[in-house]
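Engineer:
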Amino acid sequence: QDVDDLIRRLPKTELHLHIEGTLEPEMMFALAQRNGISLPYASVEALRAAYDFSNLQSFLDLYYAGAGVLQTRQDFYELTRAYLQRAHADNVVHVEIFFDPQTHTARGIPFATVLDGIRDALDEAGCTWGMSSRLILSFLRHLSEDEGFATLAEALPHLDRIDGFGLDSSELGHPPSKFAMLFARCHELGKPCVAHAGEEGPPEYVWEALELLKVCRIDHGVRSLEDPALVKRLAEGAVPLTVCPLSNVRLKVVDDLARHNLRQLLQAGLKAMVNSDDPAYFGGYLNANLLACRQSLDLSADEVVTLVNNSFEASWLPDVDKQRWL
Ligand code: ES4
Ligand code: ZN
Numbered sequence: 004q005d006v007d008d009l010i011r012r013l014p015k016t017e018l019h020l021h022i023e024g025t026l027e028p029e030m031m032f033a034l035a036q037r038n039g040i041s042l043p044y045a046s047v048e049a050l051r052a053a054y055d056f057s058n059l060q061s062f063l064d065l066y067y068a069g070a071g072v073l074q075t076r077q078d079f080y081e082l083t084r085a086y087l088q089r090a091h092a093d094n095v096v097h098v099e100i101f102f103d104p105q106t107h108t109a110r111g112i113p114f115a116t117v118l119d120g121i122r123d124a125l126d127e128a129g130c131t132w133g134m135s136s137r138l139i140l141s142f143l144r145h146l147s148e149d150e151g152f153a154t155l156a157e158a159l160p161h162l163d164r165i166d167g168f169g170l171d172s173s174e175l176g177h178p179p180s181k182f183a184m185l186f187a188r189c190h191e192l193g194k195p196c197v198a199h200a201g202e203e204g205p206p207e208y209v210w211e212a213l214e215l216l217k218v219c220r221i222d223h224g225v226r227s228l229e230d231p232a233l234v235k236r237l238a239e240g241a242v243p244l245t246v247c248p249l250s251n252v253r254l255k256v257v258d259d260l261a262r263h264n265l266r267q268l269l270q271a272g273l274k275a276m277v278n279s280d281d282p283a284y285f286g287g288y289l290n291a292n293l294l295a296c297r298q299s300l301d302l303s304a305d306e307v308v309t310l311v312n313n314s315f316e317a318s319w320l321p322d323v324d325k326q327r328w329l
């Protein structure tokens, strides 16, 4: 299939990826053994069988528990290296990845251990393959704004290695407005900000992310089409939406990939693109997401090129580097 070949061969960028969500069951078991941790699953197969989610929260419960096997700088390095190898195999040339420091500092893992391990692998991928990268510190929205401020304080000595800030975790009941002061501080530090919004939450949360958190991208945003005024605002501002199709299916945000609104988002003039979110849990990395959409939505070559170009345009690469790939 020509379009499938195009998907595989095109240079691509990944803008919505949680590094903790790339922890494959095999590595989870290997790290558990190395670190003397016992997992409540008998085997890799039993663990994979538990990846049958009913909503975002049922996934997050497993995702936070799984991340408990990550303990040392070497663990975070190996996790990130394995992801970057898979991305490179998909012809991904630039990544902007999230990490959730609060998931680890709450277990007594030092902030620097997490950051150093991830950065080791990102730097190595830059040297080995010329892969460029950005690292986004994502705050957990189920925690308080004060806890976010405490995490930001821990990040301050490392700001030269943190490229931006994000907001993730349980969306319903934790609107962006809860973090307005924290994100104002992030902007004062001169860093771009993004937020998950309109995944399970209503269009109002997307409005808040734009108006109160002043984000430059919306992560997911698939519920935006419910509000025509919001669609107008997103189109006029050319605000990118980092859509994650396989994630939306696995978390029951949409009931079937064939009914995903990806094409409608593009037709409404929105800068949507495809990303992989938590690929170890949702059944595939970037090419798998694009190939699944091609199949279920019958994406054309033009649509694939638009999605990939939107992703480069939405990236934080300087314009000269974007020109290389567009
Ligand atoms: C996430 Cl899919 C999703 N949504 C919100 N927060 C997250 N953290 C990791 N994956
Ligand atoms: Zn996400």
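Residues 4 to 329 in the UniProt record's numbering are what the sequence shown lists, from first letter to last.
Glycine residues also receive a C-beta, built at the ideal position from the N, C-alpha and C atoms.
1. Identify which residue in L300, V225, F102 and A200 has its Cα closest to the Cα of E214.
2. Give every residue whose Cβ lies closer than 6 Å to any heavy atom of the ligand ZN, listed in chain order.
3. Please report the straight-line C-alpha distance between E48 and G151, rounded to a whole angstrom.
4. At which residue ranges does the segment 220 to 296 contain complete alpha helix (DSSP H) runs of 4 or more residues, listed in the order of the chain?
5. Assuming residue 1 contacts L170 under a Cβ cut-off of 8 Å, what Cβ separation, rounded to an integer in Å, is found between them?
6. Report yes or no: do the segment 269 to 279 and the segment 241 to 261 share at least 3 C-beta pairs separated by less than 8 Å?
7. Short of 7 Å in beta carbon distance, which residues of its chain neighbour L265, apart from the five on each side in sequence? Order them along the chain.
8. Mapping DSSP to helix, strand and coil, what is residue 380?
9. Within this structure, are the beta carbons of V96 and W328 separated by less than 8 Å?
10. Output needed for Q74: all residues of its chain with C-beta closer than 7 Å, excluding positions within five of it in sequence on either side, in chain order.
11. Would you call P29 buried or exposed, if buried means 16 or more other Cβ atoms sit within 10 Å of its Cβ?
12. Grouping DSSP H, G and I as helix and E and B as strand, with all else coil, what is E174?
13. Could you work out which residue in P205, L254 and K217 is closest to P231 when comparing CA atoms only?
14. Can you give me the start and stop residues for the alpha helix (DSSP H) that F102 sits inside?
15. Would a C-beta distance cut-off of 8 Å place L34 and D78 closer than the cut-off?
16. Secondary structure at R137, three-state DSSP: helix, strand or coil?
17. What is the rounded straight-line gap between the Cα of R89 and the Cα of V308?
18. The beta strand (DSSP E) spanning K181 covers which residue range?
Structural biologist: Quick answer:
1. A200
2. H19, H21, D171, H199, D222 and D280
3. 36 Å
4. 231 to 239, 248 to 253, 265 to 270 and 282 to 285
5. Any question about residue 1 goes unanswered here, given that the chain covers just 4 to 329.
6. yes
7. V246, P248, A275, C296 and L300
8. The requested residue 380 is not part of the displayed model; the chain covers only 4 to 329.
9. yes
10. N38 and I112
11. The sequence as given places Glu at residue 29; Pro does not occur at that position. E29 should be labelled exposed.
12. coil
13. P205
14. First-last for F102: V95 to F102, but that is the beta strand (DSSP E), not the alpha helix (DSSP H).
15. yes
16. strand
17. 21 Å
18. Run containing K181: none; DSSP gives neither H nor E here.
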